[in-house]
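Chemist: Would you mind keeping the following structure in view while I ask a few things?
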Amino acid sequence: LTSGYFVCGFQTLFIVSHFPAMVGDKGITPDIGAWAISLIGLFNIFGCLMWGALSAKTRKKYLLCWLYALRSVAMAAFIMLPMSETSVLVFAVVIGMLWLGTVQLTGAIISDIFGMKFMGTLFGLAFVSHQLGSFIGVWAGGWLYDIHGNYDVIWWSAIALGVIASLLHFPIDDRTIQRAAAPATA
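This is how it looks when you write it as structure tokens:
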């Protein structure tokens, strides 16, 4: 679960930090890159509501499998198809629907397994992993761009990590931990 959250940070912060520059490199005007970031934010609202509603009907670990897999499919399609203003905006809508659905699903799994008593600490530890992924995604995006002159390697890295995250969530044991009752005191 924590490793998957690393991937979430890696993917989202790489995209939000480097996307406008990348589309500019492809000859698309900067205002389209800005609109794309805005659309990601707007559709993130709907995506979070959708993933939260789905979690009432489906096991959360399977939703995370689907979410990370769909992110990888969306990213692969985006970089493999010809880039245009329309494809940039469509990608922004799609990735926005997948953007931060991981937050409530990850938090809910933690609380389902460990209970609310430990929720803050355990979610905080998972979030540290997310922040490390965020740092590496932003930094590696710039570093790899400087080496290769394009964003291809970092996109394929983000896609591969999404597939790995999808597979990592499948075997999570999401049953509530049963604790022994505390001994009675005299």
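All residue numbers for the sequence shown refer to the working numbering, where the first residue is 415 and numbers rise by one.
Quick reminder that beta carbons are idealized off the backbone N, C-alpha and C, glycines included.
List the endpoints of the continuous alpha helix (DSSP H) containing I586.
Modeler: It is not in any alpha helix (DSSP H) - I586 carries neither H nor E in the DSSP assignment.
Chemist: Can you check which of these residues, I550, L478, D566, C479, is closest to D439 by C-alpha distance?
Modeler: Nearest C-alpha to D439: D566.
Chemist: On a CA-only basis, which of R593, I586, I561, I591 is nearest G418? Give me that one, please.
Modeler: With distances taken between Cα atoms, G418 lies closest to I586.
Chemist: May I ask you to report which of helix, strand or coil DSSP gives Y565?
Modeler: Coil.
Chemist: Can you tell me which of A488, E499, F492, T590 puts its alpha carbon nearest to the alpha carbon of K531?
Modeler: Per the Cα distances, T590.
Chemist: Assuming I568 and F428 make a contact with CB atoms under 8 Å, what is their CB distance in whole Å?
Modeler: Contact flag correct, Cβ pair sits at about 6 Å.
Chemist: Is there contact here, the segment 514–534 with the segment 446–466, by at least three beta-carbon pairs under 8 Å?
Modeler: Result yes; three or more Cβ-Cβ pairs closer than 8 Å.
Chemist: Output the boundary residues of the alpha helix (DSSP H) element that contains K474.
Modeler: Residues 474–494.
Chemist: Excluding five sequence neighbours on each side, which residues of the same chain lie with their C-beta closer than 7 Å to the C-beta of H544?
Modeler: Correct list, in chain order: Y419, F420, C422, G423.
Chemist: Does the Cβ of F584 have 16 or more other Cβ atoms within 10 Å, making it buried, or fewer, making it exposed?
Modeler: Classification of F584: exposed, given that the 10 Å Cβ count is below 16.
Chemist: Using a Cβ-Cβ cutoff of less than 8 Å, which residues in the same chain neighbour S501 once the five nearest sequence positions on both sides are dropped?
Modeler: Contacts found: F492, L495.
Chemist: Tell me which residues share the same chain as R473 and place their Cβ nearer than 7 Å to its Cβ, disregarding the 5 neighbours each side in the sequence.
Modeler: Contacts found: D588.
Chemist: Quick one, which of F528, L546, L581 has its alpha-carbon nearest Q371's?
Modeler: Only positions 415 to 600 of the chain appear in the structure, and residue 371 is not among them; the question remains open.
Chemist: At a cut of 8 Å, does the segment 443–456 reach the segment 569–576 through at least three beta carbon pairs?
Modeler: No: fewer than three Cβ pairs fall under 8 Å.
Chemist: Using DSSP with H/G/I as helix, E/B as strand and the rest coil, what is W465?
Modeler: It is helical.
Chemist: Once you ignore the five residues that flank T416 on each side, which residues in its own chain have a CB closer than 6 Å to its CB?
Modeler: Cβ within range, chain order: A540, S543.
Chemist: Going by the beta-carbon positions, is the gap between L581 and G510 smaller than 8 Å?
Modeler: Going by C-beta atoms, L581 is not nearer than 8 Å to G510.
Chemist: Please determine, among G563, I451, L512, the residue with the shortest C-alpha to C-alpha distance to Y482.
Modeler: Checked all of G563, I451, L512; the closest Cα to Y482 is L512.
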